[in-house]
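A short worksheet on the structure shown next.
There are 2 protein chains.
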Amino acid sequence: MRTVSNVVNGYVHVSAGTRERVEQAVAELGYRPNLVARNLARGRTGLVALVVPQLEMPYFASLAQQMLDAAEAMGLHLVVEQTHGSRERELAALEGSFGQRIDGIVLSPTTLDRDDIEARRSTLPLVLLGDRDWPDSVTSVAIDRLAAACAAVEHLLDTGRRRVAIVGTNLNASNARWQGWHDTLTAARCPVSSDLQFETTGISGDDGESAARRIVELQERPDAVFCVTDWIALGLIRGLQRAGLDVPDDIAVVGHDDIPYGRASNPTLTTISPNRAEIATIALQAVSDAQEGPQRQTVGWSLVVRESSAGHGGVANP
Amino acid sequence: MRTVSNVVNGYVHVSAGTRERVEQAVAELGYRPNLVARNLARGRTGLVALVVPQLEMPYFASLAQQMLDAAEAMGLHLVVEQTHGSRERELAALEGSFGQRIDGIVLSPTTLDRDDIEARRSTLPLVLLGDRDWPDSVTSVAIDRLAAACAAVEHLLDTGRRRVAIVGTNLNASNARWQGWHDTLTAARCPVSSDLQFETTGISGDDGESAARRIVELQERPDAVFCVTDWIALGLIRGLQRAGLDVPDDIAVVGHDDIPYGRASNPTLTTISPNRAEIATIALQAVSDAQEGPQRQTVGWSLVVRESSAGHGGVANP
DNA sequence: CTGAAAGCGCTTACAG
DNA sequence: CTGAAAGCGCTTACAG
Numbered sequence: 009m010r011t012v013s014n015v016v017n018g019y020v021h022v023s024a025g026t027r028e029r030v031e032q033a034v035a036e037l038g039y040r041p042n043l044v045a046r047n048l049a050r051g052r053t054g055l056v057a058l059v060v061p062q063l064e065m066p067y068f069a070s071l072a073q074q075m076l077d078a079a080e081a082m083g084l085h086l087v088v089e090q091t092h093g094s095r096e097r098e099l100a101a102l103e104g105s106f107g108q109r110i111d112g113i114v115l116s117p118t119t120l121d122r123d124d125i126e127a128r129r130s131t132l133p134l135v136l137l138g139d140r141d142w143p144d145s146v147t148s149v150a151i152d153r154l155a156a157a158c159a160a161v162e163h164l165l166d167t168g169r170r171r172v173a174i175v176g177t178n179l180n181a182s183n184a185r186w187q188g189w190h191d192t193l194t195a196a197r198c199p200v201s202s203d204l205q206f207e208t209t210g211i212s213g214d215d216g217e218s219a220a221r222r223i224v225e226l227q228e229r230p231d232a233v234f235c236v237t238d239w240i241a242l243g244l245i246r247g248l249q250r251a252g253l254d255v256p257d258d259i260a261v262v263g264h265d266d267i268p269y270g271r272a273s274n275p276t277l278t279t280i281s282p283n284r285a286e287i288a289t290i291a292l293q294a295v296s297d298a299q300e301g302p303q304r305q306t307v308g309w310s311l312v313v314r315e316s317s318a319g320h321g322g323v324a325n326p
Numbered sequence: 009m010r011t012v013s014n015v016v017n018g019y020v021h022v023s024a025g026t027r028e029r030v031e032q033a034v035a036e037l038g039y040r041p042n043l044v045a046r047n048l049a050r051g052r053t054g055l056v057a058l059v060v061p062q063l064e065m066p067y068f069a070s071l072a073q074q075m076l077d078a079a080e081a082m083g084l085h086l087v088v089e090q091t092h093g094s095r096e097r098e099l100a101a102l103e104g105s106f107g108q109r110i111d112g113i114v115l116s117p118t119t120l121d122r123d124d125i126e127a128r129r130s131t132l133p134l135v136l137l138g139d140r141d142w143p144d145s146v147t148s149v150a151i152d153r154l155a156a157a158c159a160a161v162e163h164l165l166d167t168g169r170r171r172v173a174i175v176g177t178n179l180n181a182s183n184a185r186w187q188g189w190h191d192t193l194t195a196a197r198c199p200v201s202s203d204l205q206f207e208t209t210g211i212s213g214d215d216g217e218s219a220a221r222r223i224v225e226l227q228e229r230p231d232a233v234f235c236v237t238d239w240i241a242l243g244l245i246r247g248l249q250r251a252g253l254d255v256p257d258d259i260a261v262v263g264h265d266d267i268p269y270g271r272a273s274n275p276t277l278t279t280i281s282p283n284r285a286e287i288a289t290i291a292l293q294a295v296s297d298a299q300e301g302p303q304r305q306t307v308g309w310s311l312v313v314r315e316s317s318a319g320h321g322g323v324a325n326p
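Quick mapping for you: the protein sequence lines, in order, are chains A and B. The first sequence: position 23 = 31 (this note's numbering), numbered continuously. The second sequence: position 88 = 96 (this note's numbering), numbered continuously.
Structure (structure tokens):
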């Protein structure tokens, strides 16, 4: 028993002869270890839960793709769950309500706040992704959102724009994207008045399109727009084009997330591209060695200049 | 032991008093059953592998979303794997090389052929998705591809088009989309000549865009195009617009798959929409009760008429 | 280097 | 209706 186990698990101290006999038997019998039994004995499963709002949202599809690639490279498998933005499901995921069959959780919450995180009881390793600042008691991984937003707006100023609007949800000081927009424009003595701020109800294309309708009606229009997501940006562009405006000639547009559609849209979309491969690797590593203790991890990003901001292609990498 | 197990598993024959005492102890101790141990004892895991080429491809992201929703409704969990179109990985998935920890496999192959399927050794329940005809020895689920292609082309004829091109891979009689295109046009006495067939190397937007360049140069252009995927269609539209052509006024375009971006593109995209929710439910049911034996399952689809074919909106459902 | 044995935490005939 | 026990198929101290 012991010896077979040693051979199967690649343990070194087995005589060559014995190893060979075991391997031959394994081959003849077509033996494959029962991983459930192994998991029970070892107390680990090699399974990590990836919990996202919806896979159909391109950002999360891309993220999941990177996570799966990173997991494969690390010998892990991912059980994927969707919350559909439901608070109950996010709380359930937080507590690891899949039973003990997973080793850890990578969660991208949309409704949870700091209090929810701090009230957590489960000790299952947890990594938080996403757009907010989380308590120090938990491991999280994100880009430097403020710096990225500043770079996006600075790029618009660099192309000669002065009236830069912002479109998205949660447009206040708690939002790093809003803060970056505000600070950069203020430093450049450009307006940040309320008629340049277009609060939306969601982050989808429809929200962008309805923002476009509001913008088109303005007597003094912005000459550039920073959108908090690519989906908003693509909807906005569509709305502007419907109204007969040209992007970027009349209004330049910059998005955020670098979803695949932005590379194929017309015009192609200038955007902030988070390093998703890095997010994936770091998140899974953090879940795997949870004894390291909680830490706030920062990953890279880049500004990808495409047609929607009048760029002639090229990438600015900070 | 037995009684606790009965209570936890909701078995009926437990006296009310005993049940209450057990439940109280469960609550006090915060007991949660170890699912790995349960799996070992029961011989099932409640885990199904979903194997797709890439999650970043919108069709598969949407499919995965539906699969996850269906799995949740059935009390199953999905371990998602990507093949990236690699033949080795598809073969590995076919043999269930995740160990015995899954109850079945839903696989969407891109490179496997009938012989590969028939040479399969593993007896793990398997369901095949996708575009080809599979042997009767295996369970598969798909739409009636020929009927769907015919409906797409008929729709173009209905809007007054006569020169209907086809763009995609594998344009021959083994391809139901090509067959539907060919048969429908022939029956309507419309041309199916080779200058209306644009074979591409892949099914992505770039392939559509390069097809557009070829089409634009023609002296006698088609007045409509049937694309075998939405991604090709969106790239094609982009290429046509670049060349100064209008869609649908100059050329109508119909795609296939109903990816989310086709609802937000400019123009919005007419397409064949497979009933993905049905695909998901049927696939998981087939995996769950594999004793039913292999069967070829057919699911519904609809032609969604949008702007790219000059429709004024609306859905035609066969 | 290898055998015999206990243990991982459940489920489920088997008695009663 | 409920207890005592075997078994699911591994891993891993413990001897030797």
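From the three backbone atoms N, C-alpha and C, an ideal C-beta is built for every residue, glycine too. These numbers were taken from a predicted model, which means no experiment stands behind them.
DSSP three-state assignment for residue i, whether helix, strand or coil
{"i": "C198(A)", "result": "coil"}
{"i": "A251(B)", "result": "coil"}
{"i": "Q303(B)", "result": "coil"}
{"i": "E89(B)", "result": "strand"}
{"i": "H264(A)", "result": "strand"}
{"i": "E64(B)", "result": "coil"}
{"i": "G322(A)", "result": "Confidence in G322(A) is poor, its pLDDT being 43 and thus under 50, which makes the residue's placement too unreliable to answer from."}
{"i": "V34(B)", "result": "helix"}
{"i": "G176(A)", "result": "strand"}
{"i": "T208(A)", "result": "coil"}
{"i": "I240(A)", "result": "helix"}
{"i": "G83(B)", "result": "coil"}
{"i": "A272(B)", "result": "coil"}
{"i": "W186(B)", "result": "helix"}
{"i": "A232(A)", "result": "strand"}
{"i": "Q119(B)", "result": "It should be noted that the sequence gives Thr, not Gln, for residue 119(B). Residue state, collapsed to three classes: coil."}
{"i": "V146(A)", "result": "coil"}
{"i": "V59(B)", "result": "strand"}
Contacting residues, own chain, Cβ-Cβ under 6 Å from residue i (five flanking each side not counted)
{"i": "R52(B)", "result": "D111"}
{"i": "R185(A)", "result": "A157, V236"}
{"i": "L165(A)", "result": "A196"}
{"i": "H320(B)", "result": "For H320(B), the pLDDT reaches just 45, beneath the cut-off of 50, and the residue's location in the model is therefore unreliable, leaving the point undetermined."}
{"i": "L179(B)", "result": "W186, Q205, E207"}
{"i": "E36(A)", "result": "none"}
{"i": "E162(A)", "result": "T192"}
{"i": "C198(B)", "result": "R170"}
{"i": "L84(A)", "result": "G54, V56"}
Residue i versus the options, residue with shortest Cα-Cα distance
{"i": "T209(B)", "options": "P256(B), L37(B), T237(B), R128(B)", "result": "T237(B)"}
{"i": "D266(B)", "options": "I280(B), P275(B), D139(B), D257(B)", "result": "I280(B)"}
{"i": "M82(B)", "options": "I290(B), L115(B), Q249(B), E207(B)", "result": "I290(B)"}
{"i": "G213(B)", "options": "G188(B), N183(B), V175(B)", "result": "V175(B)"}
{"i": "A78(B)", "options": "E228(B), A288(B), Q227(B)", "result": "A288(B)"}
{"i": "L134(A)", "options": "G301(A), Q227(A), H92(A)", "result": "G301(A)"}
{"i": "N42(A)", "options": "A101(B), A57(B), S105(B)", "result": "S105(B)"}
{"i": "L193(B)", "options": "I125(B), R169(B), V312(B)", "result": "R169(B)"}
{"i": "D124(A)", "options": "D141(A), R109(A), L102(A), V114(A)", "result": "L102(A)"}
{"i": "R29(A)", "options": "V44(A), V20(A), V12(A)", "result": "V12(A)"}
{"i": "Q146(B)", "options": "G93(B), R153(B), L137(B)", "result": "It is worth fixing the name first, because residue 146(B) is Val in this sequence and not Gln. Of the listed residues, the one whose Cα sits closest to V146(B) is L137(B)."}
{"i": "R222(A)", "options": "N17(A), L244(A), S201(A)", "result": "L244(A)"}
{"i": "G308(B)", "options": "A24(B), L154(B), R250(B)", "result": "L154(B)"}
Partners in chain B for residue i, counting only beta-carbon separations shorter than 9 Å
{"i": "N47(A)", "result": "V44, N47, L48, R109"}
{"i": "D77(A)", "result": "Q90, H92"}
Beta-carbon neighbours of residue i, restricted to chain B and to distances below 7 Å
{"i": "L242(A)", "result": "A272"}
{"i": "T53(A)", "result": "V44"}
{"i": "G213(A)", "result": "A272"}
{"i": "R246(A)", "result": "A272, N274"}
Under 8 Å by beta carbon: chain A residues contacting residue i
{"i": "S70(B)", "result": "L63, E64"}
{"i": "D28(B)", "result": "First, the amino acid is wrong: residue 28(B) is Glu here, not Asp. Result: empty, since nearest Cβ-Cβ is about 24 Å, beyond 8 Å."}
Contact set between residue i and chain A, taken where Cβ atoms lie within less than 9 Å
{"i": "V87(B)", "result": "L55, H85, L86, V87, V88"}
Contacts of residue i in chain B (Cβ-Cβ under 8 Å)
{"i": "D238(A)", "result": "Correct list: empty, because the minimum Cβ distance to chain B is about 11 Å."}
{"i": "Q73(A)", "result": "Q62, L63, E64, Q90"}
Sequence-distant residues of the same chain with beta carbon closer than 7 Å to residue i, five excluded per side
{"i": "L86(A)", "result": "V56, L58, M75, L76, A79"}
{"i": "Q227(B)", "result": "none"}
{"i": "T26(A)", "result": "T11"}
Open item on the list: Output needed in chain order: residues of the segment 257 to 279 of chain A with a Cβ under 7 Å from some Cβ in chain B.
Closed with: P268, Y269, A272, N274
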